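Undergrad:
Chains as they are written, first to last, in our numbering: chain A, 382 to 752; chain B, 622 to 780.
1) For residue 555 (chain A), which of A:662, A:418, A:426 has the nearest alpha-carbon?
2) Starting from residue 713 (chain A), trace the alpha helix (DSSP H) in both directions and tell me its first and last residue.
3) Using a C-beta to C-beta distance shorter than 7 Å, which residues of chain A count as neighbours of residue 656 (chain B)?
4) Cα separation between residue 383 (chain A) and residue 390 (chain A)?
5) In angstroms, rounded to a whole number, what distance separates the CA positions of residue 773 (chain B) and residue 680 (chain B)?
6) Quick check on the DSSP output: what are the complete beta strand (DSSP E) runs of length 3 or more inside the region 503-534 of chain A, in order along the chain?
7) So what does residue 442 (chain A) bridge to, in DSSP terms?
8) Determine the DSSP secondary structure at residue 603 (chain A), reduced to helix, strand or coil.
9) Measuring CB atoms only, is the region 436-451 of chain A touching the region 732-742 of chain A, in the sense that at least three cross pairs come out at less than 8 Å?
10) If you measure from the beta carbon of residue 622 (chain B) to each beta carbon in chain A, is any gap under 8 Å?
11) Applying the 10 Å Cβ sphere with the 16-neighbour rule, what's the burial state of residue 552 (chain A)?
12) Skipping 5 residues on each side, what residues in its chain have a beta carbon closer than 6 Å to that of residue 679 (chain A)?
13) Suppose you measure from the CA of residue 622 (chain B) to the CA of residue 579 (chain A); what does that come to, to the nearest Å?
14) Where does residue 660 (chain B) fall in DSSP's three states?
15) Are residue 630 (chain A) and residue 647 (chain A) closer than 8 Å when you measure CB to CB?
16) Can you tell me whether residue 501 (chain A) is buried or exposed, with buried defined as 16 or more other CB within 10 angstroms of its CB?
17) Is residue 613 (chain A) helix, strand or coil when you go by DSSP?
18) Does residue 634 (chain B) have its Cβ less than 8 Å from a Cβ in chain A?
19) Which residues of chain A have a Cβ atom closer than 7 Å to the Cβ of residue 637 (chain B), listed in chain order?
20) Going by CA-CA distance only, name the one from A:537, A:586, A:584, A:603 that's closest to residue 735 (chain B).
21) So is residue 533 (chain A) in contact with chain B if we call contact Cβ pairs under 8 Å?
22) Considering only their Cβ atoms, is the gap separating residue 723 (chain B) from residue 703 (chain B) smaller than 8 Å?
23) Compute the Euclidean distance between the alpha carbons of residue 769 (chain B) and residue 471 (chain A), then round it to the nearest angstrom.
24) So within the region 682-718 of chain B, which uninterrupted alpha helix (DSSP H) runs reach at least 4 residues, ignoring any that extend past its ends?
25) So, are the CB atoms of residue 486 (chain A) and residue 623 (chain A) less than 8 Å apart?
26) Express the C-alpha separation of residue 460 (chain A) and residue 454 (chain A) in angstroms, rounding to a whole number.
27) Are the C-beta of residue 480 (chain A) and some C-beta of chain B separated by less than 8 Å?
28) Output needed in chain order: residues of the region 738-764 of chain B with a Cβ under 8 Å from some Cβ in chain A.
29) Any idea what DSSP makes of residue 724 (chain B), helix, strand or coil?
30) State yes or no: is the beta carbon of residue 383 (chain A) nearer than 8 Å to at least one beta carbon in chain B?
31) Can you list, in chain order, the residues of the region 719-735 of chain B whose Cβ is nearer than 8 Å to any Cβ on chain A?
32) Could you spell out where the alpha helix (DSSP H) holding residue 627 (chain B) opens and where it closes?
33) Excluding sequence positions up to five away, which residues of its chain have a Cβ less than 6 Å from the Cβ of residue 738 (chain B)?
34) For a contact defined as C-beta to C-beta under 7 Å, what are the partners of residue 548 (chain A) on chain B?
35) Answer with yes or no whether the minimum CB distance from residue 644 (chain B) to chain A is below 8 Å.
36) Please decide whether residue 680 (chain A) counts as near chain B, where near means a Cβ-Cβ distance under 8 Å.
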């Protein structure tokens, strides 16, 4: 008998999940081969919202292309912009003022909390719990208000520019962030009460979507997906950028290898972000928020690579420059793409009902995969 | 042994359900902690922050004068070709010299991504971001706007 992976035998059922289904996180199309209720194979079909951002960037100048990247991973737009700005700065050999570095790190960590908040709400909604979705948005709104005041937008900020940040922080910024920390600390226990301790949630998460540390490495997964399997992969720790090497925070590692471990990694990561913000919010140094740059940036001939830790994992930016005002070639190493490649491994042999739970813990953002 | 585990499981499930319901009950009895905004009804009290990026507008003073010299720095900075500046030559009445000035500042709101790069690029501070946000119209052509007001001219001393 055929037991080979991915081979359709008689009696197998092929079903399509998505695109345009709320539970598939955007326009992801999954072709699932089922034997009864057991998943034999999952094949993700991509490209539904592919906008060829990498190709588009080749016709934009170094100042202009940064704004496009916030449309890739719209939930951690700041960190995408940050990675691109760092790559341009590496080419120009720019020194970033200390004030700009601190503002950037603060914004990155606020974005990480906002992203994980949305993931937490969407994850609970995937499993049928609707109330946590609103509770997650309540805290996320206060971050969005802070962003709106300082950067002028709620989702795609375009705040990072080569050399620093676009504006100085708003006079209310420090007070509002402190208010947010107060609010967050009074609400964080609700998350455990409503979701983490719930017996239905635990039964659906524990032992579902298991991936070992070796497989995580071979699939190239990064971020909370890797750290849920105990693989230390935090770019902030291993290749510190800006002022991360001077900060005190822990790399969150869980050894459960299942969906619940990935859930706990994100929940605990939010608290580490809070810890980073607390260290910085009263110690923003005085000085310029932007280094002096020329109106038209020209990178020297060569290849430049920089990476940053987004909410989903490691984002790498690779620029090939021919010495002109626009890049010759740009390539993004996006975390979502590698994480999605492990989906078949996660759910194969499991039940169809566990597919959404396992997929939810990958925290997929589809433009990040399609680019 | 099986029965003991069974009762334990049921007890655990009831307990976790009660914990979650306790939180729901808390908000049910604490109306003041609910922060829902009644959006279309609160338009009058809704204040957007000063840096909010709604749309690009040109600043005109009370004499219907602006600071745009027509240098096209904003047009070059825009990644989406949102801005198109059409220039003309004004003839000075006293000296008879020709001087470059803007004829029309065309702004395509339908293409704009609110990245703020044009405002950053402007050397004279002639344009800024407005706080408007409800841009829906029935016809796409209404989103193509002329930013300089009719009869406006450049302010004295702006080069």
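The C-beta atom is built at its ideal place from N, Cα and C for all residues, glycine as well.
Note that this is a predicted model, so its numbers are computed, not measured.
TA: The short version:
1) Along the first chain, one-based indexing puts residue 555 (chain A) at 174. Cα-wise, what sits closest to residue 555 (chain A) is A:662.
2) Looking up residue 713 (chain A) in the first chain gives position 332. No alpha helix (DSSP H) holds residue 713 (chain A); the beta strand (DSSP E) holding it covers 710-714.
3) Position 35 of the second chain, counted from the first residue, corresponds to residue 656 (chain B). Here the neighbours are 519.
4) Walking along the first chain from the start, residue 383 (chain A) turns up at place 2. Walking along the first chain from the start, residue 390 (chain A) turns up at place 9. Legend: pLDDT at residue 383 (chain A) = 43, less than 50; position of this residue unreliable, no value from coordinates given.
5) By one-based count along the second chain, residue 773 (chain B) stands at place 152. By one-based count along the second chain, residue 680 (chain B) stands at place 59. Approximately 11 Å, taken between the alpha carbons.
6) Taking only runs of at least 3 residues, no beta strand (DSSP E) segment lies wholly in the region 503-534 of chain A.
7) One-based indexing of the first chain puts residue 442 (chain A) at position 61. None, per the DSSP bridge assignment.
8) On the first chain, residue 603 (chain A) is found 222 positions in, with the first residue counted as 1. Coil at residue 603 (chain A), not helix or strand.
9) Counting Cβ pairs under 8 Å, fewer than three are found: no touch.
10) Looking up residue 622 (chain B) in the second chain gives position 1. Interface flag for residue 622 (chain B) against chain A is unset, since no Cβ pair is found closer than 8 Å.
11) Translated into the one-based positions of the first chain, residue 552 (chain A) becomes position 171. Residue 552 (chain A) is exposed by the Cβ-count criterion.
12) Here residue 679 (chain A) refers to the residue found at position 298 when the first chain is read from its first residue. For residue 679 (chain A), where only same-chain residues beyond five positions count, the Cβ hits under 6 Å are 706.
13) Sequence index remark: in the second chain, residue 622 (chain B) carries index 1 (1-based). Sequence index remark: in the first chain, residue 579 (chain A) carries index 198 (1-based). Each residue's Cα considered, the two are about 24 Å apart.
14) Your numbering for residue 660 (chain B) matches position 39 in the second chain. Of the three classes helix, strand and coil, the one that applies to residue 660 (chain B) here is helix, per DSSP.
15) Looking up residue 630 (chain A) in the first chain gives position 249. Looking up residue 647 (chain A) in the first chain gives position 266. Not closer than 8 Å, so no.
16) Position 120 of the first chain holds residue 501 (chain A). Looking at its Cβ environment, which holds 16 or more other Cβ atoms inside 10 Å, residue 501 (chain A) is buried.
17) Locating residue 613 (chain A) in the first chain gives position 232, where the first residue counts as 1. Three-state result, residue 613 (chain A): coil.
18) Your numbering for residue 634 (chain B) matches position 13 in the second chain. The beta carbon of residue 634 (chain B) sits closer than 8 Å to some beta carbon of chain A.
19) Locating residue 637 (chain B) in the second chain gives position 16, counting from the first residue. The contacting residues are 578, 579, 580.
20) As a working note, residue 735 (chain B) is residue 114 in the second chain. Looking at the Cα atoms, A:537 is the closest of the given residues.
21) Locating residue 533 (chain A) in the first chain gives position 152, where the first residue counts as 1. Chain B contact via Cβ: present.
22) Locating residue 703 (chain B) in the second chain gives position 82, where the first residue counts as 1. Locating residue 723 (chain B) in the second chain gives position 102, where the first residue counts as 1. Using a Cβ distance threshold of 8 Å, residue 703 (chain B) and residue 723 (chain B) do not count as a contacting pair.
23) Numbered from 1 along the second chain, position 148 holds the residue referred to as residue 769 (chain B). Numbered from 1 along the first chain, position 90 holds the residue referred to as residue 471 (chain A). Residue 769 (chain B) and residue 471 (chain A): Cα-Cα distance of roughly 40 Å.
24) When DSSP assignments are scanned along the region 682-718 of chain B, the uninterrupted stretches of alpha helix (DSSP H) that are 4 or more residues long and fall wholly within it turn out to be 694-698.
25) Position 105 of the first chain, counted from the first residue, corresponds to residue 486 (chain A). Position 242 of the first chain, counted from the first residue, corresponds to residue 623 (chain A). Yes, the pair counts as a contact, with Cβ atoms nearer than the cut-off.
26) The residue labelled residue 454 (chain A) in the question sits at position 73 within the first chain. The residue labelled residue 460 (chain A) in the question sits at position 79 within the first chain. Taking the straight line joining both Cα atoms gives about 9 Å.
27) To locate residue 480 (chain A), count along the first chain from 1; it is residue 99. It does not: the Cβ of residue 480 (chain A) has no partner Cβ on chain B nearer than 8 Å.
28) 738, 741, 742, 750
29) Looking up residue 724 (chain B) in the second chain gives position 103. Residue 724 (chain B): strand per DSSP, three-state reduction.
30) Indexing the first chain from 1 puts residue 383 (chain A) at position 2. For residue 383 (chain A), the pLDDT reaches just 43, beneath the cut-off of 50, and the residue's location in the model is therefore unreliable, although a value from the coordinates is still provided. Not an interface residue.
31) 734, 735
32) Taking the second chain and counting its residues from 1, one reaches residue 627 (chain B) at position 6. First-last of the alpha helix (DSSP H) with residue 627 (chain B): 623-650.
33) Within the second chain, residue 738 (chain B) is the residue found at index 117, counting from 1. The answer, listed in chain order, is 698.
34) Counted from its first residue, the first chain places residue 548 (chain A) at position 167. Within 7 Å Cβ-Cβ: 672.
35) Within the second chain, numbered from 1, the residue matching residue 644 (chain B) stands at position 23. It does; some Cβ of chain A falls within 8 Å.
36) On the first chain, residue 680 (chain A) is found 299 positions in, with the first residue counted as 1. Taking Cβ atoms only, chain B never reaches closer than 8 Å to residue 680 (chain A), which makes this a no.
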